[in-house]
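Report on one structure; see the data block that follows.
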Amino acid sequence: MKKLLNLLGVFSLLTSGAITVVSCTPKTNNENGDGTEEINDGHKDVEILNKISEKVSTSFENLSFKEDIERNNPYMLVAYTRVSDSKKTYQLNDKDQDDLAIKNEFLTTFRAVFDNVNREIKNEYSNYYPNSEPVSFSENDVMIELNFIDIEKLIELSGLPNMDGLQAVAINFNVKYEVKFKDLVSDNKYYASFNMTTDLKKFNLVKGGALSYFNQNIIDFYNDKDQIDVTTGDFKTLYDNFNLDYKKDLTTIDNIYKKILTNFIQANENLKDMITYNKDKAFLESQTVLFNSDYDRGFYYNNGSNDIADASLLSKWVKDNNVEEAKPVDFVSLYIKSVVPKFAADSKLELGQFKFSLDYINIFGMTLSGYFNASNTDFISTVILTKDKLETKISNFANIIIAFLKYYKVNFKGGYHFNVSTNIWNNLVEKYLANKLTNYSLPVTLFKEFTSDKDVINQKLVDLDLVAFKQVTGWYSKEIDYDKNNNLFWFNGGGRDASFVFGSSNFYYMPFYYLWSSYRYDVVKR
1073 MKKLLNLLGV FSLLTSGAIT VVSCTPKTNN ENGDGTEEIN DGHKDVEILN KISEKVSTSF
1133 ENLSFKEDIE RNNPYMLVAY TRVSDSKKTY QLNDKDQDDL AIKNEFLTTF RAVFDNVNRE
1193 IKNEYSNYYP NSEPVSFSEN DVMIELNFID IEKLIELSGL PNMDGLQAVA INFNVKYEVK
1253 FKDLVSDNKY YASFNMTTDL KKFNLVKGGA LSYFNQNIID FYNDKDQIDV TTGDFKTLYD
1313 NFNLDYKKDL TTIDNIYKKI LTNFIQANEN LKDMITYNKD KAFLESQTVL FNSDYDRGFY
1373 YNNGSNDIAD ASLLSKWVKD NNVEEAKPVD FVSLYIKSVV PKFAADSKLE LGQFKFSLDY
1433 INIFGMTLSG YFNASNTDFI STVILTKDKL ETKISNFANI IIAFLKYYKV NFKGGYHFNV
1493 STNIWNNLVE KYLANKLTNY SLPVTLFKEF TSDKDVINQK LVDLDLVAFK QVTGWYSKEI
1553 DYDKNNNLFW FNGGGRDASF VFGSSNFYYM PFYYLWSSYR YDVVKR
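Once you know that position 357 of the sequence shown is 1429 in this note's numbering, the rest is easy, because the numbers rise by one and skip nothing.
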């Protein structure tokens, strides 16, 4: 059955960043084993789909509508008449023959890139596409919007003579497309904006003059933007939510920078009446980011290295697995040095470096391109987190983990045992008997019982709302055994992946993970 992968947000291909799969849980039909092989194959398929999707997005970004274009043939001249100062936006209508001719002009350009990308992918993965295409779109899913450019005001702004008769219009090109690999499908959007003019040479002169004026008036915006501490000002929400992975989520930090920019422009008398924004475009373009995958954030998925799994064991920071002796400082040290070694730093972490993209900005309706610059150099903004502030957050994480371990009096005797109260036990058994309890839902249920307990609430654990406890991969059979006495338990031959997850960026800690073990989890009535 086809599995639809919902991608995170609208992916604008004029910005950088990898497509992120939000949800994909391949099913396992292995009746004789734990399903590890099939699940691993499914996980690899998702990685390949991501790789193909990134190739498609990069190709569209680099080859489609990168520059302004010149069109002055008769059927394209109609486009300049569709918008005006009183009608600033117009969407091409397929039922209008003149509009359809304009649309087909742009589709011809897009299809050339589209067909080439399909050929390259089929050549690389020839075994998987014998009679199908990896990428597809429908012309009904193409939307082209024309936007008015006030060319007279731009000419006046640039101060250039002999520009009579120059016409220009801004084009927004939107298309939905699918990328397929085996039975996986990802839905994507490509969005491009560019200018079309009757005389490209003259238009570039006007555009250059407008950019020069813009740069002179935006220079103060650069002040204090070369280095941003995520614990300060508008950026503090990133720290509060432990949102530190800007490959996984560029949108949130992008919106913060956008807010600061728009406030600056609105307060500038020389800019506020001429600037509009392309809301679907990103303002930031990533140059470097600290975290590039789940594995950088403490995640483990049989990736050929046992380092994270070994480093995460409870015994690495809790002597003899005695949770009563657990100390936050020991967890912080272990987590930073071994579980997420990218956290290790002398004084501060560089979470990412970003350019400011002019694609987000319009001047009198004219779409810009390129990057903000200071002294003819692309401006780079670096986002940092100091070591002490990082340790504060990880310590909060540790306090919650320790409270959870003590709440269930977790101990290790040939396997991990969670000791639950009579009330919790009765709730679990009731769900089990109603076929509403699996090893997917049990960790979540245990954590919900923990967080809803009044005694836990009264502890006022800082950042408790940022922590979840769940099974993160689902390698193995979902069944739970019940011995009709005081035990709910399950075996796992492929590793235990019940994990604490911290922050909106999902930093993982898997303390109970044993690769290829025959240990079991037990939930025991006290």
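Every residue gets a Cβ at the ideal spot worked out from N, C-alpha and C, and that includes glycine.
Tell me which residue opens and which closes the beta strand (DSSP E) that residue i is part of.
i       : result
Gly1487 : Gly1487 to Val1492
Gly1424 : Lys1420 to Phe1428
Tyr1580 : Phe1579 to Tyr1581
Ile1243 : Ala1240 to Phe1253
Phe1541 : Val1539 to Gln1543
Ile1300 : Gln1299 to Asp1301
Leu1440 : That residue, Leu1440, is in no beta strand (DSSP E); it is neither H nor E in DSSP.
Ile1466 : Premise fails: Ile1466 lies in the alpha helix (DSSP H), Lys1459 to Tyr1479, not in any beta strand (DSSP E).
Phe1266 : Leu1256 to Thr1269
Leu1226 : It is not in any beta strand (DSSP E) - Leu1226 instead sits in the alpha helix (DSSP H) that spans Ile1223 to Ser1230.
Ser1571 : Ala1570 to Phe1574
Val1214 : Val1214 to Phe1220
Give me, in chain order, the residues of the same chain whose beta-carbon lies closer than 7 angstroms to that of residue i; leave out the 5 immediate sequence neighbours on both sides.
i       : result
Asn1165 : Asp1171
Lys1344 : Ile1337 and Gln1338
Val1404 : Glu1463, Ile1466, Ser1467 and Ala1470
Tyr1318 : Ile1325, Ser1358, Val1361, Leu1423 and Gly1424
Met1235 : Ile1227, Lys1274 and Val1278
Asn1190 : Glu1205, Pro1206 and Val1207
Ile1223 : Leu1238, Gln1239 and Ala1240
Leu1560 : Leu1500, Tyr1504, Ile1552, Tyr1554 and Val1595
Val1411 : Gly1370, Ile1380, Ala1383, Ser1384 and Tyr1581
Tyr1201 : Lys1194
Let me make sure I understand the geometry here. Which of the options has the alpha-carbon closest to that of residue i?
i       : options                               : result
Leu1440 : Lys1308, Met1148, Ser1198 and Phe1275 : Phe1275
Phe1371 : Phe1363, Asn1364 and Ile1380          : Ile1380
Lys1409 : Ala1383, Asp1306 and Glu1502          : Ala1383
Lys1320 : Leu1232, Tyr1294, Phe1579 and Leu1509 : Phe1579
Thr1181 : Glu1192, Glu1217 and Leu1135          : Leu1135
Glu1192 : Ile1221, Pro1515, Leu1509 and Ser1131 : Ser1131
Asn1530 : Gly1487, Ala1475 and Glu1119          : Ala1475
Lys1254 : Arg1598, Pro1206, Asn1557 and Leu1386 : Pro1206
Tyr1554 : Leu1505, Asn1340, Ile1223 and Tyr1201 : Leu1505
Leu1327 : Asn1342, Glu1341 and Leu1310          : The residue you asked about is not Leu; residue 1327 is Asn in the sequence shown. With distances taken between Cα atoms, Asn1327 lies closest to Leu1310.
Glu1139 : Leu1538, Gly1442, His1489 and Tyr1488 : Gly1442
Tyr1581 : Lys1556, Ala1354, Asp1366 and Ile1552 : Asp1366
Lys1297 : Tyr1285, Ile1332, Leu1322 and Asn1287 : Ile1332
Could you pull the start and end residues of the alpha helix (DSSP H) that residue i belongs to?
i       : result
Ala1381 : Asp1379 to Ser1384
Val1528 : Lys1526 to Gln1531
Gln1288 : Leu1272 to Ile1290
Val1189 : Gln1169 to Glu1196
Thr1323 : Thr1323 to Gln1338
Met1346 : No alpha helix (DSSP H) contains Met1346, which DSSP labels as neither H nor E.
Met1148 : Pro1146 to Thr1153
Phe1403 : Pro1400 to Leu1406
Leu1310 : Lys1308 to Asp1312
Taking the Cβ atom as the reference point for each residue, do residue i and residue j lie within a distance shorter than 8 angstroms?
i       : j       : result
Ser1208 : Tyr1249 : yes
Leu1069 : Thr1523 : This structure cannot settle anything about residue 1069, because the visible part of the chain is limited to 1073 through 1598.
Asn1267 : Ala1240 : yes
Tyr1294 : Asn1350 : no
Asn1260 : Ser1125 : yes
Ala1242 : Ser1265 : yes
Lys1459 : Ala1417 : yes
Val1302 : Phe1220 : no
Asn1289 : Asn1335 : no
Asn1393 : Phe1484 : yes
Leu1256 : Val1214 : no
Asn1299 : Thr1454 : According to the sequence displayed, residue 1299 carries Gln and not Asn. Yes, the pair counts as a contact, with Cβ atoms nearer than the cut-off.
Tyr1512 : Tyr1593 : no
Leu1316 : Ser1577 : yes
Phe1613 : Phe1428 : Since the first residue of the chain shown is 1073 and the last is 1598, residue 1613 is not available in this structure.
Assuming the contact rule is C-beta atoms closer than 8 angstroms, residue i and residue j should be a hit. Round their C-beta distance to whole Å, please.
i       : j       : result
Pro1515 : Phe1541 : 5 angstroms
Lys1420 : Ile1452 : Not a contact, Cβ separation roughly 16 angstroms.
Ile1347 : Asn1434 : 7 angstroms
Asn1244 : Glu1217 : 4 angstroms
Lys1391 : Glu1397 : 6 angstroms
Phe1314 : Gly1575 : 3 angstroms
Val1539 : Ile1472 : 5 angstroms
Thr1270 : Asn1144 : 4 angstroms
Val1401 : Val1482 : With a Cβ gap of about 20 angstroms, Val1401 and Val1482 do not count as contacting.
In chain order, what residues of the same chain lie with their CB nearer than 6 angstroms to the CB of residue i, ignoring the 5 residues before and after it?
i       : result
Leu1272 : Glu1142
Tyr1147 : Ala1173
Lys1503 : Leu1509
Leu1518 : none
CB-CB under 8 angstroms to residue i, same chain, minus the five flanking residues each way: which ones, in chain order?
i       : result
Val1492 : Tyr1480, Leu1500, Leu1518, Glu1521, Val1595, Val1596, Lys1597 and Arg1598
Thr1161 : Val1155, Glu1217, Leu1218, Asn1219 and Phe1220
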